[in-house]
Amino acid sequence: MKEFDIRDQSSFKELEIIENLRTVLDPELQINVIDMGLIYHIDLSEELRIRIEMTLSSSHCPMGEAILQSVKNCLEEAYPGYEVVVDLVWEPNWTYENITEEGRRQLGR
Amino acid sequence: MSSSLPKQSDGMYKLVLLHYFISGLCFLLLAVLFLFSIKDISGHYFNPHLLAITHLAALGWGTLVIFGACYQLLPVLLETDLYSSKLPWFTFVLFIPGLFCLIYSFWVFEPGIHMQAGGLLLTSAILTFCITVIRTAKKSKVSSIHKEFIVTSSIWLVATALVGTLLVFNFHYAFLPKDHLQYLRLHAHMGLAGWFLMLIIGVSCKLIPMFLVSRIQLNHLLSWSYYLVNLALLLFLIDGYFYGINLHTYFITMVLLAGLSCYFVYVKKCFDSRLKKKLDIPILKTVLSISLLSLALILIPVIIYSSSKQNGLAVHYSIFYGMLLFMGWITALIMGHAFKTLPFIVWVRKYEHLSGKRKIPMPADLYSSKLLKLQYVSYIAFCILFFCGYLLYSPVMMIIGIGCLLISSVAYLLNLVILIKHKDKSLSHERI
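Next up, the structure:
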């Protein structure tokens, strides 16, 4: 569960972004990128810019470009006027432990 | 967006689709040729029609679709771009005429210029494929057992093609010192265990845990599997060349079974530790495929025993063994994985840029699930009727079984066409 500071406006926005990103699905597993544990960091420190630091379940994943593009498209649609930057990182390495309880529940259906 | 992920060119996309499509056509042709060869199946395996059918199954159906899938999967498995996007086209242009020359000349049995040209074209195509694999692997910084499996399998494929071409020339010039059938056995096992088995283990041990989201992957078992299967194959080739099938073959079979057991345990652990509980049809086909492989393995001691006693049943069980491997293990695996890999290839091309912007279909929505079910059910009916019919010497059961295979191949091909021809309907709806 994401912790947020009630006195910090950007905390609310970060939660809103997380909710938006729940609509972006991994095409094979059909689980959203948040519950897959692919999103590492959301940076709102720059004005009119959303910077997402994320990973993929494997490098050279055939769906990798599609997932990155989905994250960018989703946030650009939700926040017109904002520049969305998606940084792909490989550290720390994604493992199955990154999948949230909700993600595991959906996989178990 | 800062990423270093590979982009597939239009040319490579078309080439991959062409491989899948022509391979689907070969599958249909295979079912039709089967229908005309019931009598041949009941005879000796060294006859023109069975040679044509076996090579159509191994090269047109199996190898062609594997080539296409490899061009897509090698960058994923080896984590680097393909060495060249032109060389695969060159492979394809050599492979297709070579394939049809060889199949036709086997069917009518004319061991002249067409058969020889077919053999040479296919060997050249396979050599260029091997160069693509080895060069791509050299570029890759990944050090894994999957890489060893894939590179070794392509080397075995070259060796199989070279021996095959020698055999084709031997029909005409009879220069080989030993019995033709002895080489044929070695050629067949280089292809089955060296090419298909090595490649299938190498690719499936990466894809199965990926599709099932398996938490536990016992990679050390794969290393054991790699060394034991290769050792068994090398021993079989050396021993088989000098002494044919004999008591040593039991020991060699034990080495092979030990290697395969490591792979089976690896797969079982992937299934046991999977997070994705529901198994879809393509994964169920993988399970069926592994079961049919196991059934074929059980036959090996029976074949060795019958061969050493020079028993007539050796030929009967050898054909059954070959059928279980080609029409069971390899066919079930291809039918399953084609609808696991190709929908993604098409989806990425058609929907990647729209993903996240609006509601779009998922890869599994790009083909007909009804046709997939029909293909699955009719294939299972084929397995039951055909294999039981063969064991019970019942031509009627075999013909009905082949009828089911025909239905399955038509459903497979139709679904491929639906998938390849898929158009973004949501876009045209929005325009209205």
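Taken in sequence, the protein lines are chains G and U. Numbering-wise, the first sequence is residues 1 to 109 according to full-length UniProt numbering. Numbering-wise, the second sequence is residues 1 to 432 according to full-length UniProt numbering. Glycine is no exception: its CB is placed at the ideal position from the N, C-alpha and C atoms.
Inter-residue spacing [alpha-carbon to alpha-carbon] between residue i and residue j
i              : j              : result
residue 345(U) : residue 11(G)  : 38 Å
residue 311(U) : residue 30(G)  : 55 Å
residue 404(U) : residue 378(U) : 5 Å
residue 104(G) : residue 276(U) : 8 Å
residue 304(U) : residue 111(U) : 30 Å
residue 95(G)  : residue 142(U) : 18 Å
residue 176(U) : residue 164(U) : 12 Å
residue 65(U)  : residue 48(G)  : 48 Å
residue 398(U) : residue 407(U) : 14 Å
residue 91(G)  : residue 297(U) : 44 Å
residue 274(U) : residue 366(U) : 26 Å
residue 260(U) : residue 196(U) : 13 Å
residue 205(U) : residue 219(U) : 9 Å
residue 429(U) : residue 411(U) : Unreliable placement is indicated for residue 429(U), whose pLDDT of 48 sits below 50; the coordinate value is still reported in the next sentence. Each residue's alpha carbon lies about 28 Å from the other.
residue 172(U) : residue 26(U)  : 28 Å
residue 44(G)  : residue 34(G)  : 17 Å
residue 80(U)  : residue 139(U) : 7 Å
residue 326(U) : residue 79(G)  : 55 Å
residue 394(U) : residue 237(U) : 35 Å
residue 372(U) : residue 414(U) : 10 Å
residue 134(U) : residue 42(G)  : 41 Å
residue 13(G)  : residue 19(G)  : 10 Å
residue 432(U) : residue 424(U) : Only weak support is given to the placement of residue 432(U): the predicted model assigns it a pLDDT of 37, under 50, and the question is left unresolved by the model.
residue 147(U) : residue 226(U) : 11 Å
residue 87(G)  : residue 286(U) : 36 Å
residue 289(U) : residue 322(U) : 14 Å
residue 63(U)  : residue 46(G)  : 53 Å
residue 32(U)  : residue 106(U) : 16 Å
residue 106(G) : residue 28(G)  : 13 Å
Expected contact under 8 Å - CB spacing of residue i and residue j to nearest Å
i              : j              : result
residue 438(U) : residue 208(U) : This structure cannot settle anything about residue 438(U), because the visible part of chain U is limited to 1 through 432.
residue 158(U) : residue 116(U) : Their Cβ separation, rounded to whole angstroms, is 18 Å, which puts residue 158(U) and residue 116(U) out of contact at 8 Å.
residue 160(U) : residue 194(U) : 6 Å
residue 61(U)  : residue 35(U)  : Contact flag wrong, Cβ pair sits at about 16 Å.
residue 258(U) : residue 228(U) : 5 Å
residue 102(U) : residue 127(U) : About 16 Å separates the two Cβ atoms, so there is no contact after all.
residue 222(U) : residue 145(U) : 5 Å
residue 292(U) : residue 332(U) : 6 Å
residue 447(U) : residue 181(U) : Outside the modelled stretch of chain U, which goes from 1 to 432, sits residue 447(U), for which no answer is possible.
residue 76(G)  : residue 84(G)  : 5 Å
residue 279(U) : residue 342(U) : Their Cβ separation, rounded to whole angstroms, is 19 Å, which puts residue 279(U) and residue 342(U) out of contact at 8 Å.
residue 83(U)  : residue 136(U) : 4 Å
residue 71(U)  : residue 18(U)  : Actually they do not touch by this definition, with Cβ atoms about 11 Å apart.
residue 349(U) : residue 13(U)  : 6 Å
Chain G residues whose Cβ lies nearer than 9 Å to that of residue i
i              : result
residue 363(U) : 27, 28 and 63
residue 347(U) : 27, 63 and 66
Cross-chain neighbours of residue i in chain U, by beta carbon under 7 Å
i             : result
residue 73(G) : 355, 356 and 357
residue 70(G) : 355 and 356
residue 96(G) : 213, 215 and 275
Under 8 Å from the C-beta of residue i: neighbouring residues of chain G
i              : result
residue 72(U)  : 62
residue 344(U) : 27, 28, 62 and 63
residue 76(U)  : 58, 60, 61 and 62
residue 352(U) : 65, 66 and 69
Interface partners of residue i on chain U, CB under 8 Å
i              : result
residue 53(G)  : What residue 53(G) touches in chain U: nothing, since even the nearest Cβ is about 10 Å away.
residue 99(G)  : 213 and 275
residue 104(G) : 275
residue 40(G)  : Per Cβ cutoff of 8 Å: no residues; residue 40(G) is ~14 Å from chain U at best.
Within chain U, the residues that residue i reaches when beta carbons sit closer than 9 Å
i              : result
residue 108(G) : 275, 276, 277 and 278
residue 77(G)  : 356, 357 and 358
For the 8 Å Cβ check, are there 3 or more pairs between the region 92-106 of chain U and the region 36-43 of chain U? no
Is the region 197-217 of chain U touching the region 44-56 of chain G, taking contact as three or more C-beta pairs under 8 Å? no
Tell me, please, whether the region 345-356 of chain U touches the region 65-72 of chain G by the rule of three or more beta-carbon pairs shorter than 8 Å. yes
If you scan the UniProt domain "MIP18 family-like" (16-85) of chain G from start to end, which runs of the beta strand (DSSP E) of 3 or more residues do you find wholly inside it? 39-43 and 49-54
Jot down the residue ranges of each uninterrupted alpha helix (DSSP H) in the region 141-165 of chain U, minimum 4 residues, whole runs only, in chain order. none
So, does the region 245-259 of chain U touch the region 330-342 of chain U, judging by three or more C-beta pairs under 8 Å? no
Is it true that the region 76-91 of chain U meets the region 49-59 of chain U, where meeting means three or more beta-carbon pairs spaced less than 8 Å apart? no
Entirely within the region 303-345 of chain U and at least 4 residues each: give me those alpha helix (DSSP H) ranges in chain order. 313-323
Ignoring anything shorter than 4 residues or poking outside the region 162-244 of chain U, list the alpha helix (DSSP H) runs there in chain order. As far as the region 162-244 of chain U is concerned, its whole alpha helix (DSSP H) runs of at least 4 residues are 180-189, 198-212 and 219-243.
For the region 29-59 of chain U, which segments carrying the alpha helix (DSSP H) assignment without a break, of at least 4 residues, lie completely within its bounds, in sequence order? Runs of the alpha helix (DSSP H) inside the region 29-59 of chain U: 38-41 and 48-55.
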